[in-house]
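Enquirer:
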Amino acid sequence: MHPEVQQNHPGSCPKCGMTLKPQGEVSSHGHPPPAHAHHEGHDHSAHSAGHVQPAHVQRSPIPPQTAPSAPNQGAATGTEYTCPMHPEVRQDHPGNCPKCGMTLEPVIPELDDSENPELVDFQRRFWWTLPLTVVVTTLAMFGHQLGWFDVGTQTWVELVLSLPIVLWAGWPFFARGWQSIVNRSPNMWTLIGLGTGAAFLYSVVATVAPQVFPESFISMGRIGVYFEAAAVIISLTLLGQVLELKARSQTSAAIKSLLGLAPKTARRIRDDGTEEDVPLTHVHVGDVLRVRPGEKVPVDGVVTEGVSAVDESMLTGEPVPVTKRVGDKVIGATMNTNGALVIRSERVGSATMLSQIVQMVAQAQRSRAPMQRMADVVAGYFVVTVVAIALLTFFGWGLFGPEPRWVFGLINAVSVLIIACPCALGLATPMSIMVATGKGATQGVLFRDAAAIENLRKVDTLIIDKTGTLTEGRPAFDRAVAAPGVTEEFVIRTAASLDQGSEHPLAEAIVSAARERGYPLEKPEQFESGTGIGVRGVVAGASVALGNTALMEQLGVDVKPLIPQAEALRQEGASVMYLAVNAALSGLLAVSDPIKASTPEALATLRASGIRIVMATGDGVTTAKAVGARLQIDEVHGEVKPADKLRLVEKLQAEGRVVAMAGDGINDAPALAKADVGIAMGTGTDVAMNSAQVTLVKGDLRGISTARSLSEATVGNMKQNLVFAFLYNALGIPVAAGILFPFTGWLLSPLIAALAMSLSSASVIGNALRLR
Numbered sequence: 002m003h004p005e006v007q008q009n010h011p012g013s014c015p016k017c018g019m020t021l022k023p024q025g026e027v028s029s030h031g032h033p034p035p036a037h038a039h040h041e042g043h044d045h046s047a048h049s050a051g052h053v054q055p056a057h058v059q060r061s062p063i064p065p066q067t068a069p070s071a072p073n074q075g076a077a078t079g080t081e082y083t084c085p086m087h088p089e090v091r092q093d094h095p096g097n098c099p100k101c102g103m104t105l106e107p108v109i110p111e112l113d114d115s116e117n118p119e120l121v122d123f124q125r126r127f128w129w130t131l132p133l134t135v136v137v138t139t140l141a142m143f144g145h146q147l148g149w150f151d152v153g154t155q156t157w158v159e160l161v162l163s164l165p166i167v168l169w170a171g172w173p174f175f176a177r178g179w180q181s182i183v184n185r186s187p188n189m190w191t192l193i194g195l196g197t198g199a200a201f202l203y204s205v206v207a208t209v210a211p212q213v214f215p216e217s218f219i220s221m222g223r224i225g226v227y228f229e230a231a232a233v234i235i236s237l238t239l240l241g242q243v244l245e246l247k248a249r250s251q252t253s254a255a256i257k258s259l260l261g262l263a264p265k266t267a268r269r270i271r272d273d274g275t276e277e278d279v280p281l282t283h284v285h286v287g288d289v290l291r292v293r294p295g296e297k298v299p300v301d302g303v304v305t306e307g308v309s310a311v312d313e314s315m316l317t318g319e320p321v322p323v324t325k326r327v328g329d330k331v332i333g334a335t336m337n338t339n340g341a342l343v344i345r346s347e348r349v350g351s352a353t354m355l356s357q358i359v360q361m362v363a364q365a366q367r368s369r370a371p372m373q374r375m376a377d378v379v380a381g382y383f384v385v386t387v388v389a390i391a392l393l394t395f396f397g398w399g400l401f402g403p404e405p406r407w408v409f410g411l412i413n414a415v416s417v418l419i420i421a422c423p424c425a426l427g428l429a430t431p432m433s434i435m436v437a438t439g440k441g442a443t444q445g446v447l448f449r450d451a452a453a454i455e456n457l458r459k460v461d462t463l464i465i466d467k468t469g470t471l472t473e474g475r476p477a478f479d480r481a482v483a484a485p486g487v488t489e490e491f492v493i494r495t496a497a498s499l500d501q502g503s504e505h506p507l508a509e510a511i512v513s514a515a516r517e518r519g520y521p522l523e524k525p526e527q528f529e530s531g532t533g534i535g536v537r538g539v540v541a542g543a544s545v546a547l548g549n550t551a552l553m554e555q556l557g558v559d560v561k562p563l564i565p566q567a568e569a570l571r572q573e574g575a576s577v578m579y580l581a582v583n584a585a586l587s588g589l590l591a592v593s594d595p596i597k598a599s600t601p602e603a604l605a606t607l608r609a610s611g612i613r614i615v616m617a618t619g620d621g622v623t624t625a626k627a628v629g630a631r632l633q634i635d636e637v638h639g640e641v642k643p644a645d646k647l648r649l650v651e652k653l654q655a656e657g658r659v660v661a662m663a664g665d666g667i668n669d670a671p672a673l674a675k676a677d678v679g680i681a682m683g684t685g686t687d688v689a690m691n692s693a694q695v696t697l698v699k700g701d702l703r704g705i706s707t708a709r710s711l712s713e714a715t716v717g718n719m720k721q722n723l724v725f726a727f728l729y730n731a732l733g734i735p736v737a738a739g740i741l742f743p744f745t746g747w748l749l750s751p752l753i754a755a756l757a758m759s760l761s762s763a764s765v766i767g768n769a770l771r772l773r
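Okay, so the sequence shown: first residue is 2 according to the numbering used here, each after it adds one.
Here it is, written out as structure tokens:
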């Protein structure tokens with residue numbers, strides 16, 4: 002991150018704390034890194050996301066001898082780990098965050114299908130101890146009615162069954178709670194550890210030495226024990242962690258989808274003309290590679306032989322394949338459609354466009370400030386306050402209370418910790434989120450996380466991609482304009498007959514239009530495709546040409562009579578092709594990407610709610626402005642690249658705006674990840690959906706208004722839940738501490754404290770369910 006920091010021995014950066022890397026790992030072209038910088042043919046500089054450079058920093062080229070392909074990013078031993086909630090926490094080995102206790106995860110994930118080991122561990126702990134929790138709870142609630150054991154035996158049975166739950170299943174929570182104390186960062190794990198630990202230890206004492214308690218605490222023939230409270234809290238917390246870990250595993254799906262785009266091998270042409278398939282990690286800058294029809298382009302390079310249409314939609318978002326000929330640039334991971342190409346590699350490993358997009362997505366995801374839930378704002382103070390009150394209760398009763406003073410102190414301190422157990426506080430926001438996400442799913446709105454729901458209501462600026470977001474995302478026949486003396490049917494039928502020999506999407510749109518109209522088509526003869534200009538052939542004995550102005554000029558066809566109509570169509574965002582029969586102009590055909598029927602209504606609703614609409618598209622400026630004017634969009638940007646969209650988001654955020662980004666293509670992924678709320682079309686690419694926090698399943702922009710309404714209702718519901726949670730604690734903690742004893746003689750036993758805790762949780766759950 003700070004290349005000016007250099008020293009002759011390992012260590013940490015004094016500016017940002019990141020682990021220093023050997024300088025040879027980012028050496029100039031032609032100078033391989035030192036031997037110790039390699040591991041199984043990988044160059045660490047391509048793996049460590051900590052080396053993702055800001056846009057203004059020029060990075061040295063990756064040594065071609067060891068530069069890895071994008072799919073291998075993160076696979077080397079130089080993996081760096083960070084906290085999902087606190088991205089400033091970085092280290093070079095797995096562990097837990099010292100601030101919140103969450104498990105650290107790789108900055109750039111590895112491309113493998115192995116399941117998260119922590120998830121596997123928590124699932125095992127949960128399922129193995131769930132039956133024990135059920136039995137302990139059943140005994141505690143109905144043991145006296147079932148009559149299986151006498152009261153003394155039942156207490157010991159509950160203790161034995163609770164031991165594996167608390168000491169094995171709950172051990173990670175106690176470890177995190179202890180870590181929060183050691184690091185002086187009180188969090189929810191502190192409360193969970195203290196609450197369950199206090200309930201369990203109190204119950205153990207009541208079981209082993211019941212004689213130390215006053216008779217007033219004997220209920221149904223025994224001292225009340227709370228093994229079931231500790232067991233249920235641990236089981237529910239484990240379940241919550243399993244659900245959270247499964248959800249968090251999806252946050253890396255965007256990068257994994259990107260990494261999976263690149264092919265695993267490349268076909269290299271040797272100097273003697275023979276060919277071999279080699280792993281992508283063995284491709285060097287300057288290698289000559291063959292790309293056959295239907296194969297992916299392995300790396301960024303330049304075409305040296307051949308002509309073909311290359312589908313770049315996976316990276317550019319544009320639906321129309323681009324014709325490539327000698328001298329044209331090609332992008333790694335794009336799809337070669339119908340012709341063979343020979344290319345010379347120019348950028349490999351982390352220097353390719355795909356790898357740069359991977360790095361931008363990772364950087365955008367990690368740079369977003371973590372959404373601090375309302376409960377987290379007060380959690381630290383709450384923990385310290387509860388512990389302080391419990392200690393004051395213990396010593397206050399022990400020093401100044403009636404006999405047996407210290408027993409009263411212990412019992413009341415435990416009551417404080419039990420009633421303050423963070424069940425309701427922990428459920429306050431997740432329950433609302435769970436109900437809201439379920440409700441949204443039934444209306445075609447999928448939320449990735451709580452941050453999206455909480456932030457969406459604050460959005461004041463919406464950046465929208467054009468292709469596939471405002472428009473259908475696929476070429477469709479618009480209209481035909483016939484020259485004087487020629488019919489429209491003749492123009493469509495002749496053009497479609499010729500285009501039967503072409504695999505171009507524009508040709509497919511024309512052929513489909515003719516067939517829908519029931520026009521009979523002739524089989525073309527002597528079909529010829531002109532690179533980037535159009536097609537020619539013979540239809541029904543006549544020489545036919547269909548293409549742009551350049552093709553017409555080659556054939557000496559005068560297109561002036563139809564130029565006004567052609568320009569008008571281009572202003573509407575259509576692609577125009579002229580049709581000439583026997584060197585005479587017969588008409589023109591327009592193919593366009595139609596605007597979705599729901600788009601005007603959706604934009605009008607968003608404008609009415611005070612949101613500024615900005616369109617950013619890779620299409621030409623003329624087409625972009627035409628679409629923007631038709632839809633009354635406030636601000637239009639054309640010919641923008643993925644990095645440009647990312648910079649546009651950053652610029653608006655720097656102006657103090659809360660930005661949402663709506664898109665459907667891989668080229669939108671960095672901006673979707675960087676925006677305060679990323680909104681993907683469900684009809685678009687997997688990478689876009691994985692990068693975004695909100696997915697509109699049907700690709701209908703009207704879902705944004707639905708999502709905003711749900712966001713406002715959910716945040717209001719969460720605030721109500723937090724009031725319920727804190728209200729019980731505000732009333733219950735003083736009573737549990739014995740504040741009413743001098744006036745009424747009342748003490749709140751741990752049993753009543755547990756009941757109050759349950760009621761607070763029930764009220765939170767019941768209120769959250771109102772969102773349905």
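Yeah, the Cβ is synthetic: ideal placement off N, Cα and C, and Gly gets one too. For clarity, every value in this text was computed on a predicted model and none was experimentally measured.
Decide if L192 is buried, meaning its Cβ has at least 16 other Cβ atoms within 10 Å, or exposed.
Expert: So L192 counts as buried.
Enquirer: Can you tell me the Cα-Cα spacing of L393 and F744, whole angstroms?
Expert: Using only the alpha carbons, I get a separation of about 19 Å.
Enquirer: Any idea which residues DSSP pairs P107 with across the strands?
Expert: Answer is Y82, bridged to P107.
Enquirer: Determine which residues share a DSSP beta bridge with A663 and list them.
Expert: A663 is bridged to I465 and I680.
Enquirer: Give a yes or no on whether the C-beta atoms belonging to T208 and W157 are separated by under 8 Å.
Expert: Closer than 8 Å, so yes.
Enquirer: Quick check: what's the CA-CA separation for V335 versus S346?
Expert: The question names Val, yet the displayed sequence has Thr at residue 335. If you take the alpha carbons of T335 and S346, they lie about 14 Å apart.
Enquirer: Less than 6 Å between C-beta atoms, sequence neighbours within five positions excluded: which residues of the same chain meet that for S544?
Expert: Taken in chain order, the residues that qualify are N583.
Enquirer: Tell me which residue opens and which closes the alpha helix (DSSP H) that A784 is part of.
Expert: Nothing in the structure corresponds to residue 784, since the chain is present only between 2 and 773.
Enquirer: Take D329 and list the residues in its own chain whose beta-carbon comes closer than 6 Å to its own, dropping the five residues that flank it on each side.
Expert: Excluding sequence neighbours, D329 sits near V304.
Enquirer: Quick one: is M662 buried, meaning 16 or more other Cβ sit within 10 Å of its Cβ, or exposed?
Expert: Buried, since its Cβ has 16 or more Cβ neighbours within 10 Å.
Enquirer: Measuring CB atoms only, is the segment 524-540 touching the segment 559-570, in the sense that at least three cross pairs come out at less than 8 Å?
Expert: Because the criterion of three Cβ pairs below 8 Å is not met, the segment 524-540 and the segment 559-570 do not touch.
Enquirer: Would DSSP call G302 helix, strand or coil?
Expert: Looking at G302 - three-state DSSP - the assignment turns out to be strand.
Enquirer: Take E473 as the anchor and find which of G700, E119 and A421 has the nearest alpha-carbon.
Expert: Of the candidates G700, E119 and A421, the one whose C-alpha sits nearest the C-alpha of E473 is G700.
Enquirer: Using 8 Å as the Cβ pair cut-off and three pairs as the minimum, do the segment 589-609 and the segment 630-646 touch?
Expert: Judged by Cβ distances under 8 Å, the segment 589-609 makes contact with the segment 630-646, as three or more pairs qualify.
Enquirer: Comparing the C-beta of D594 with each C-beta of chain B, is any distance below 8 Å?
Expert: Going by chain labels, chain B is absent from the structure shown, which holds only one protein chain.
Enquirer: Within 10 Å of its beta-carbon, does D272 have 16 or more other beta-carbons around it, so buried, or fewer, so exposed?
Expert: D272 comes out exposed.
Enquirer: Does the segment 429-445 come into contact with the segment 410-418, if we say contact requires no fewer than three beta-carbon pairs (one atom in each stretch) closer than 8 Å?
Expert: Judged by Cβ distances under 8 Å, the segment 429-445 makes no contact with the segment 410-418, as fewer than three pairs qualify.
Enquirer: Please go through the same chain and pick out, in chain order, the residues whose beta-carbon is closer than 7 Å to the beta-carbon of I614, but skip the five residues on each side of it.
Expert: Only L463, I465, L604, L607, R608, I634 and D635 meet the Cβ criterion.
Enquirer: Tell me the rounded alpha-carbon separation between A541 and S710.
Expert: Taking the straight line from one Cα to the other gives about 60 Å.
Enquirer: My output table needs one value for N691: the three-state DSSP class, helix, strand or coil.
Expert: Of the three classes helix, strand and coil, the one that applies to N691 here is helix, per DSSP.
Enquirer: For P165 versus T130, is the C-beta spacing smaller than 8 Å?
Expert: Going by C-beta atoms, P165 is nearer than 8 Å to T130.
Enquirer: For R494, does the count of other Cβ atoms within 10 angstroms reach 16, so buried, or fall short, so exposed?
Expert: By the neighbour-count rule (16 or more Cβ atoms within 10 Å), R494 is buried.
Enquirer: Taking the continuous beta strand (DSSP E) assigned at T353, which residues delimit it?
Expert: First-last for T353: undefined, no H or E at that position.
Enquirer: Which full runs of the alpha helix (DSSP H) of 4+ residues lie inside the segment 499-565, going along the chain?
Expert: Qualifying alpha helix (DSSP H) stretches, in chain order: 506-517 and 550-556.
Enquirer: From S503, V539, H638 and L457, pick the residue whose C-alpha is nearest to that of V678; which is it?
Expert: Considering only alpha carbons, the answer is L457.
Enquirer: Just mark H32 as buried or exposed, buried being the case when its beta carbon has 16 or more other beta carbons within 10 Å.
Expert: Reliability of the predicted coordinates at H32 is poor, the pLDDT of 35 falling under 50, and the value obtained from them is presented with this limitation in mind. So H32 ends up on the exposed side.
Enquirer: Taking only heavy atoms of the ligand ADP into account, decide whether any of them is closer than 7 Å to the Cβ of A670.
Expert: Ligands are entirely absent from the displayed structure, and the ligand ADP is therefore not among its contents.
Enquirer: Under a Cβ-count criterion, where at least 16 other Cβ atoms within 10 Å of its own Cβ denotes burial, should Y729 be classed as buried or exposed?
Expert: Buried, because 16 or more other Cβ atoms sit within 10 Å of the Cβ of Y729.
Enquirer: Have a look at L202 and I234 and give me their C-alpha separation to the nearest angstrom.
Expert: Distance between the alpha carbons of L202 and I234: 15 Å.
Enquirer: Using the Cβ count rule (16 or more neighbours within 10 Å means buried), how would you classify T80?
Expert: The residue is buried, with at least 16 neighbouring Cβ atoms inside 10 Å.
Enquirer: Between the Cα of V243 and those of T104, G639 and A546, spot the shortest distance and give me the residue it belongs to.
Expert: Measuring from the Cα of V243, the nearest candidate turns out to be T104.
Enquirer: Can you tell me whether DSSP reads I166 as helix, strand or coil?
Expert: Three-state DSSP puts I166 in a helix.
Enquirer: Hey, I270 and V298 are a contact pair by Cβ (cut 8 Å); roughly how many whole angstroms apart?
Expert: 15 Å between Cβ atoms; not a contact.
Enquirer: Assuming contact is defined by CB atoms lying nearer than 8 Å, are S1 and P99 in contact in what I supplied?
Expert: Since the first residue shown for the chain is 2 and the last is 773, residue 1 is missing from the structure and cannot be characterised.
Enquirer: Please list, in chain order, all residues of the same chain as V289 whose beta carbon is under 6 Å from its beta carbon, the five residues on each side excluded.
Expert: These residues qualify, in order along the chain: I270 and R345.
Enquirer: Nearest-angstrom Cα distance between T83 and T20?
Expert: The alpha-carbon atoms of T83 and T20 are separated by roughly 13 Å.
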